[in-house]
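Residue numbers (the working numbering): 10 to 257.
All residues carry an ideal CB built from backbone N, CA and C; glycine is no exception.
In what follows, a structure is listed as structure tokens, so that the remarks can point back to it.
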Ligand SMILES: [Zn+2]
């Protein structure tokens, strides 16, 4: 790939500023925790035939957004999520109202997109529609699904992202469309995001609970604690039945 001038992945302007993902305020809550890690998988596969995978260790900071976005709506989003996410990283029981589910989901989707761009600039083209859609509507909307759970350990930050291309149709007219699954562990908090127009992209298993599209109020954490091994096997999205039900 030839390099060229880079523009903000959200609004398309310049110049770009350094973005930390997750943001540095997380350290206020997690200074006593173990260190984490990042794994990113790139996989291209049809519905039935995996075509191989590779993985890289991704950077956690990069110049992918402009100052206006970084200091504007993204800063506002950090301020909105901090009082909800901060206590969750410490394992404090939290009443997840629809409003809190919404802000967590929006922040997790933002984080998944920034991580995708930082991992590989090619993802800004590959997932161009996702970046544009999020910037325009700035909300947790289909085809994104967002889930939360609790982690029994205490990672400072552990991120896993999985990219896939699914083939739609059966012959020469096969059209590829991109899908991804993103999981982040910060302290005791686990968040997961899936993005896929493919209804066969599988569903994250319990104890992950969906928060977007929003659910009735519930108290987090609920169900068993997840291990990093659980999170490693995430590669997932909604079932065809669930997707159809949600669209109704
Ligand atoms: Zn921007």
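Next item on the list: Could you check the C-alpha separation between residue 235 and residue 200 for me, to the nearest Å?
Entry: 11 Å
Item checked: When 167, 190, 113, 204 are compared against residue 196, the one with the closest alpha-carbon -> 167
Note to self: Report the start-end ranges of each alpha helix (DSSP H) in the segment 83 to 162 that is 4 residues or longer and not cut off at the edges.
What the structure shows: 107 to 128, 131 to 135, 137 to 146
Checklist line | Pick from 35, 122, 77 that is closest to residue 171, judged by C-alpha positions | finding: 122
Notebook entry, point to check: Leaving out the 5 sequence neighbours to the left and right, which residues in its chain are closer than 6 Å to residue 105 when beta-carbon positions are compared?
Noted result: 227, 229
Notebook entry, point to check: Would you call the CB atoms of residue 223 and residue 204 closer than 9 Å?
Noted result: no
Margin query: Contact defined as beta carbons within less than 8 Å: I believe residue 30 pairs with residue 120. What is the distance between those atoms, to the nearest angstrom?
Written below: Yes, residue 30 and residue 120 are in contact; Cβ-Cβ is about 6 Å, under 8 Å.
Notebook entry, point to check: What number of angstroms, rounded off, separates the C-alpha of residue 190 from the C-alpha of residue 202?
Noted result: 6 Å
Note to self: Is residue 143 near ligand 1 - that is, is its Cβ less than 8 Å away from at least one heavy atom of it?
What the structure shows: Checking the Cβ of residue 143 against ligand 1 gives no.
Checklist line | Nearest-residue set for ligand 1, Cβ under 6 Å from any heavy atom | finding: For ligand 1, the residues with a Cβ under 6 Å from any of its heavy atoms are, in chain order, 17, 19, 20, 22, 74, 75, 77, 78.
Check: Hey, quick one: how far does the alpha helix (DSSP H) through residue 237 stretch, first residue to last?
Finding: 237 to 241
Margin query: Nearest by alpha-carbon distance to residue 93: which of 128, 113, 84, 83 is it?
Written below: 113
Next item on the list: With DSSP collapsed to three states, give me the class of residue 75.
Entry: strand
Notebook entry, point to check: Can you name the residues that DSSP bridges to residue 228?
Noted result: 104
Notebook entry, point to check: Taking C-alpha atoms, which residue in 124, 151, 134 lies nearest to residue 16?
Noted result: 134
Next item on the list: Starting from residue 217, follow the beta strand (DSSP E) in both directions and report where the run begins and ends.
Entry: Run containing residue 217: none; DSSP gives neither H nor E here.
Check: What residues in its chain sit with their C-beta under 6 Å from that of residue 110, if we drop five residues either side in the sequence?
Finding: In its chain, beyond the 5 residues on either side, 220, 223 have a beta carbon closer than 6 Å to the beta carbon of residue 110.
Notebook entry, point to check: Helix or strand or just coil, what does DSSP make of residue 19?
Noted result: coil
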